[in-house]
Structures are given as C-alpha cells and as structure tokens.
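With UniProt numbering applied, the sequence shown corresponds to residues 1 to 493, in that order. The structure under discussion appears below in the form of structure tokens.
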Amino acid sequence: MPEDFPCNDWMETLVSDTTDSATHDSNARLTAASIPSETTTKEPWIGGQPANATAYDPLYEVAREIVARLNSTILKKAPNSPIRLEPGEALMKRADDFFSPDNLRRFIELYWSTWYPHWPVIHRPTFIYTNIPYTLIAVMVLIGASYSADPEDGYWAKLFCDAVEETIFGDEYFGDSSSYSALNAVCVNRRLRALQAAHAMCLCQFWEGDDRAKRRVRKHRYGQVVAMARELGFAKAMHLDFVSLSEAEFDWEDFAFKEELIRTLNYIVVLDGGFVMMNNMPPRVLPSELRADLVCPEACFQASTKAACFNHLRTWVSHPLWRGRRISIAEALKIISSSRELDSETVQFFTHLGDVNLGILIIAIHSVIFHIRSSIGLQYGCQSFQYWLRNWNCIWILRSRENVPQAFGTPSPSEKAVDDSEGRWRGPGFMKNSLQFWYLAQIVLRWACDQQSDPQYTLVSTAPNYSTNYDQADMATLKALLRLEYSSRKPPG
1 MPEDFPCNDW METLVSDTTD SATHDSNARL TAASIPSETT TKEPWIGGQP ANATAYDPLY
61 EVAREIVARL NSTILKKAPN SPIRLEPGEA LMKRADDFFS PDNLRRFIEL YWSTWYPHWP
121 VIHRPTFIYT NIPYTLIAVM VLIGASYSAD PEDGYWAKLF CDAVEETIFG DEYFGDSSSY
181 SALNAVCVNR RLRALQAAHA MCLCQFWEGD DRAKRRVRKH RYGQVVAMAR ELGFAKAMHL
241 DFVSLSEAEF DWEDFAFKEE LIRTLNYIVV LDGGFVMMNN MPPRVLPSEL RADLVCPEAC
301 FQASTKAACF NHLRTWVSHP LWRGRRISIA EALKIISSSR ELDSETVQFF THLGDVNLGI
361 LIIAIHSVIF HIRSSIGLQY GCQSFQYWLR NWNCIWILRS RENVPQAFGT PSPSEKAVDD
421 SEGRWRGPGF MKNSLQFWYL AQIVLRWACD QQSDPQYTLV STAPNYSTNY DQADMATLKA
481 LLRLEYSSRK PPG
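Below you can see the structure in the form of structure tokens.
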C-alpha cells in the first residue's frame with residue numbers, strides 16, 4: 001500500500017525504484033500447498049467456529065456469511081479461475097480464523113486509520129457493520145490486514161485475495177447487467193456498496209496483488225467497474241439544494257448516500273488516472289462524462305452527528321464564494337482551461353475546494369493529455385494545456401502560500417489528526433501531495449510537444465516509445481522519462 005512522501009522528493013523516489021517486478025511480488029502466488037493439512041488453533045473448533053464463540057456477537061453472522069460465500073466460490077471455481085486454493089477443512093478453519101469477529105473489528109479499525117484517508121468514500125459516522133454487505137466488509141478486512149504489524153496477517157490476506165475478488169465480482173448486485181433495478185432506492189444503495197467493494201478490490205490487487213492479479217485488474221476488472229459506474233450514472237451523483245433546507249427536513253442518511261455516490265464515482269477517475277500515469281493505459285472514463293458534483297467539504301462528510309453535519313452544510317452553501325454555485329468536475333475542468341488568467345474571485349473559489357477536488361482535477365487532466373498526445377494534431381493542443389497547468393498551479397500555490405485553513409468556512413482536515421489514533425481517519429490522504437501529479441503532467445506534456453516539433457529531441461530519442469507502448473506492467477517508460485528528467489536537473493559534476 002502507498003506511503004506518504006514529501007512532494008519535493010517524488011521524482012527521486014520513483015527514479016530510484018529500480019526494484020525488479022519479481023521483488024515486488026516477494027509473497028507472489030500463495031497456493032493450496034501453503035495451507036497445512038492440520039491447522040493448529042488456539043481453541044477447539046465446533047462447527048467451524050471456536051468453542052467459545054458467541055452467536056450474540058453482532059459480527060458473528062457477518063463473519064459466517066463471508067466464510068460461507070468464500071467456501072462456495074472456491075468449491076464452484078471455474079477451470080480457468082485465478083483461485084489456486086483447494087477446498088478443505090483446513091482451509092475453512094483458516095478462513096474462520098482470519099475472518100473471525102475479533103479480526104473483522106481489528107482489521108477494519110486498521111483500515112480506517114491507514115487506508116481510509118487515501119480513499120475517503122465511505123461515510124464512517126453512519127457505518128454499521130451489520131448493515132454493510134459482506135463483500136465490502138471482506139475487502140476492507142483485506143486492506144486493513146495488509147497494514148498489520150503482524151506479517152502473518154498480511155500473508156493470509158494475500159492468500160484470500162483472489163477468492164474474495166471472485167466473490168465480489170460474482171455478487172448478484174454487481175455489474176451493468178444486474179437483474180436488480182437501479183430505480184429502486186434500496187437496490188441502488190446495495191448496488192453502490194457492490195460498486196464500492198469492486199472498486200476497493202481493484203485498489204487492493206493493484207497494490208498488493210501479484211503480476212497476474214494486477215494485469216487482471218487493469219485489463220478486465222476495472223472495465224467492469226467503469227461499466228457499472230456508468231449505469232449508476234455520473235450525472236445522477238449530485239445533491240439536492242441545501243440552501244432552503246431546514247434542519248427538520250434534512251435527511252442525514254440520504255446526504256451520506258448521495259455523497260458516497262459522488263465520491264465513489266469521482267475516485268474512479270483517480271484510479272483511471274493512476275493507470276494512465278503509471279501503466280500508460282488508455283483512459284476508460286472521458287472528461288465529458290464527469291458530471292458528478294464536486295465532493296463536499298470534509299467537515300460535512302466527517303461530522304459525527306446530524307446536527308453538526310447540517311451546521312457545516314449551511315456554513316458551506318451560504319459562504320460568499322460558494323453561494324449560488326453548482327459545479328461538476330467537468331465544469332471545473334472547463335473553467336481552468338481558460339486561456340486567460342483566472343479572475344481573483346474564481347481563483348479564491350478554487351482554493352477553497354480542498355485537496356481532494358484539486359487532486360481529482362489534476363489527475364483528470366492527465367487523462368485529457370493522454371488523448372491529445374495520442375492524436376496526430378498534438379501541436380494544436382500544447383498551448384491550451386499549458387493554460388490548464390498554469391491555472392491549476394496558480395490555484396495550488398496560492399492555497400499553499402495563504403495556508404487556507406478552511407473550505408468555504410468549514411474546517412479542513414488537519415495534519416494533527418495523524419498523531420491521534422482515534423482521529424487519524426480524519427487526516428488528509430495522498431491528495432495533499434497533488435503537486436507531484438502537476439509536475440508529472442508538465443514532464444509528459446513537454447515530452448509529447450517536443451516529440452511533435454523535434455523528433456531528434458534527446459529526451460524523446462532516449463526514452464522508450466511512450467506513444468504506442470500501452471499497458472506497461474513494469475512502468476518502464478514512466479521510469480525512463482523521470483530518470484532522464486531527474487538527470488537533466490542534477491547540477492553538473
């Protein structure tokens with residue numbers, strides 16, 4: 001899983017990563033041979049649960065359903081299934097142990113404190129284990145276990161990854177051809193959970209899976225996620241008008257659902273951009289599709305009570321910079337693409353959008369750059385993209401210099417939360433370092449423009465073919481570009 005690193009060290013960090021892809025898979029494929037025929041347990045087992053397990057534990061049924069579904073998936077696996085596990089009593093005992101109620105709590109707490117700030121799409125204040133589908137719980141457990149200080153937790157998480165993946169993508173609520181109607185409110189909520197589980201599974205395999213799993217996610221699974229996102233509808237991911245809403249009329253659960261939908265769909269753009277930047281994959285989502293609302297201020301989404309959430313909402317929508325505005329990611333991209341310098345009020349407005357929205361915008365710009373650099377008429381687009389990057393950078397620098405502590409009058413996530421284990425989930429994620437994506441966009445755009453104007457340009461002639469070598473598992477071209485850029489910046493001698 002990713003770790004935070006200072007923005008000024010981003011290039012050196014990537015360039016110095018010369019580790020062979022096989023090294024990244026030190027715990028590569030764990031097969032059925034990894035499971036001992038006799039499993040040692042700390043407690044006697046009765047019917048697949050420890051003898052002292054209690055059915056009164058609210059997570060007992062959740063744990064039992066996860067294990068039962070995994071067992072069914074493994075038993076019914078197809079001949080070409082990526083699952084290497086073989087069904088048996090020893091495996092099921094291990095599954096019972098790993099997905100025990102105590103472990104569900106432990107690993108999901110790890111999930112909140114470690115991974116959640118990087119993917120803040122689930123509304124924690126209204127999160128109730130027993131109301132969440134087993135698919136989403138299972139993948140949250142895998143992600144949390146990957147952060148555990150106990151290596152054995154990570155070992156077993158990797159072991160069950162492929163089986164959990166098949167279970168999630170085989171869920172009856174998942175997919176663009178599901179028999180469940182998207183018009184039914186209950187079904188839409190359940191289908192959003194199915195989409196979140198599949199999205200999280202792609203992230204888990206992208207960071208923790210072996211080469212086969214990563215390739216499967218890039219080539220197949222992610223496409224299924226995008227198809228379902230389109231069915232749920234980017235344009236439907238928007239809030240009602242909060243301006244005239246009273247606290248008595250405010251539906252906190254409906255707000256949480258709509259905001260989760262907005263964030264889930266917008267973070268699909270982040271994964272899309274990740275594949276574009278790291279693997280040179282053609283984007284699956286078009287900028288014109290991004291009709292979802294911008295994400296709301298974090299204070300609204302993180303508020304612990306309905307009253308606190310409503311108060312933050314009123315502060316947000318009544319702020320002079322926001323009042324009367326409604327803006328999607330696509331509309332925000334159009335604004336910052338202006339060839340003219342943005343007026344002061346517009347710049348101030350964007351500085352209040354926060355790390356997440358600004359990060360999504362610069363990542364989406366990478367997808368647009370991909371389309372332009374892959375076309376014949378790139379020379380006509382270079383200048384316009386320089387405007388985009390200039391305007392975005394102007395916003396980011398002004399925000400940093402003025403140290404904007406609020407988002408439209410609401411408090412922004414604080415770095416201090418990182419030092420508090422209880423409040424760590426409220427802290428900023430990797431989007432706080434979005435300037436690194438801007439640096440990369442500058443490098444790629446300059447390379448593409450120079451390639452059009454001067455085929456003999458040193459950087460282009462030395463680097464691998466970035467224009468036609470798509471879906472690079474080893475990120476060879478990206479590393480080559482960064483290595484050459486880094487070398488060109490080093491002082492002589």
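Even glycine gets a Cβ: it sits at the ideal position worked out from N, Cα and C. Given the structure is predicted, the values throughout are model-derived calculations rather than measurements.
Give me the residue from the options with the minimum Cα distance to residue i.
{"i": "C309", "options": "N357, L245, A90 and D171", "result": "L245"}
{"i": "N279", "options": "P82, N469, L59 and R489", "result": "N469"}
{"i": "V368", "options": "F250, R284, H199 and A227", "result": "R284"}
{"i": "A448", "options": "S374, P411 and R483", "result": "S374"}
{"i": "R326", "options": "Y111, T135, L240 and A256", "result": "L240"}
{"i": "E422", "options": "Y111, E298 and R340", "result": "Y111"}
{"i": "W156", "options": "D96, R390 and H199", "result": "D96"}
{"i": "N103", "options": "S81, G409, L361 and Y60", "result": "Y60"}
{"i": "N80", "options": "I122, R216 and L70", "result": "R216"}
{"i": "R64", "options": "K93, L75, A78 and K76", "result": "K93"}
{"i": "R401", "options": "H371, Q348 and V188", "result": "Q348"}
{"i": "W207", "options": "A256, Q196, C161 and L261", "result": "C161"}
{"i": "E109", "options": "R424, D254, T305 and N403", "result": "R424"}
{"i": "W316", "options": "F370, Q406 and R399", "result": "Q406"}
{"i": "N266", "options": "D254, K236 and W252", "result": "K236"}
Could you pull out every residue in the same chain whose Cβ sits closer than 6 Å to the Cβ of residue i, ignoring the five residues on either side in sequence?
{"i": "Q302", "result": "R426"}
{"i": "F107", "result": "V141, G144 and A145"}
{"i": "D355", "result": "P428, M431 and K432"}
{"i": "N391", "result": "I336 and L342"}
{"i": "C382", "result": "C449"}
{"i": "I268", "result": "A229"}
Exposed or buried, which one is residue i when buried takes at least 16 other CB atoms within 10 Å?
{"i": "T130", "result": "exposed"}
{"i": "P117", "result": "buried"}
{"i": "P151", "result": "exposed"}
{"i": "G223", "result": "exposed"}
{"i": "S434", "result": "buried"}
{"i": "P282", "result": "exposed"}
{"i": "G324", "result": "exposed"}
{"i": "D474", "result": "exposed"}
{"i": "Y56", "result": "exposed"}
{"i": "S461", "result": "Any reading at S461 needs caution, since the residue's pLDDT is 46, under 50, leaving its predicted position unreliable; the model's value is listed next. So S461 counts as exposed."}
{"i": "S100", "result": "buried"}
{"i": "E345", "result": "exposed"}
{"i": "R218", "result": "buried"}
{"i": "P120", "result": "buried"}
{"i": "L75", "result": "exposed"}
{"i": "H220", "result": "exposed"}
{"i": "L478", "result": "buried"}
{"i": "P133", "result": "buried"}
Leaving out five residues before and five after residue i in sequence, what residues of the same chain have Cβ atoms less than 8 Å from its Cβ?
{"i": "W115", "result": "M1, I143, G144 and Y147"}
{"i": "R314", "result": "F242"}
{"i": "T73", "result": "I83, A163, E166, T167 and G170"}
{"i": "E289", "result": "R230, F234 and A330"}
Is residue i helix, strand or coil when you go by DSSP?
{"i": "T410", "result": "strand"}
{"i": "S328", "result": "strand"}
{"i": "D293", "result": "strand"}
{"i": "N469", "result": "coil"}
{"i": "E86", "result": "coil"}
{"i": "S487", "result": "helix"}
{"i": "R399", "result": "helix"}
{"i": "S288", "result": "helix"}
{"i": "I128", "result": "coil"}
{"i": "G274", "result": "helix"}
{"i": "W322", "result": "coil"}
{"i": "E247", "result": "coil"}
{"i": "P117", "result": "helix"}
{"i": "G154", "result": "helix"}
{"i": "I137", "result": "helix"}
{"i": "D254", "result": "helix"}
{"i": "P101", "result": "helix"}
Assuming contact is defined by CB atoms lying nearer than 8 Å, are residue i and residue j in contact in what I supplied?
{"i": "L294", "j": "S338", "result": "no"}
{"i": "L271", "j": "L232", "result": "no"}
{"i": "V139", "j": "M238", "result": "no"}
{"i": "F250", "j": "H319", "result": "no"}
{"i": "P287", "j": "A364", "result": "yes"}
{"i": "V276", "j": "H366", "result": "yes"}
{"i": "A299", "j": "P125", "result": "no"}
{"i": "A441", "j": "I372", "result": "no"}
{"i": "H352", "j": "A256", "result": "no"}
{"i": "I395", "j": "F350", "result": "yes"}
Among the residues of its own chain, which have a CB less than 7 Å from the CB of residue i, if the five just before and after it don't count?
{"i": "D153", "result": "A145"}
{"i": "S488", "result": "none"}
{"i": "G273", "result": "I363, A364, H366 and S367"}
Let me see if you follow: with CB-CB separation under 8 Å, is residue i close to chain D or not?
{"i": "N279", "result": "Among the chains of the structure shown, chain D does not appear; only one protein chain is present."}
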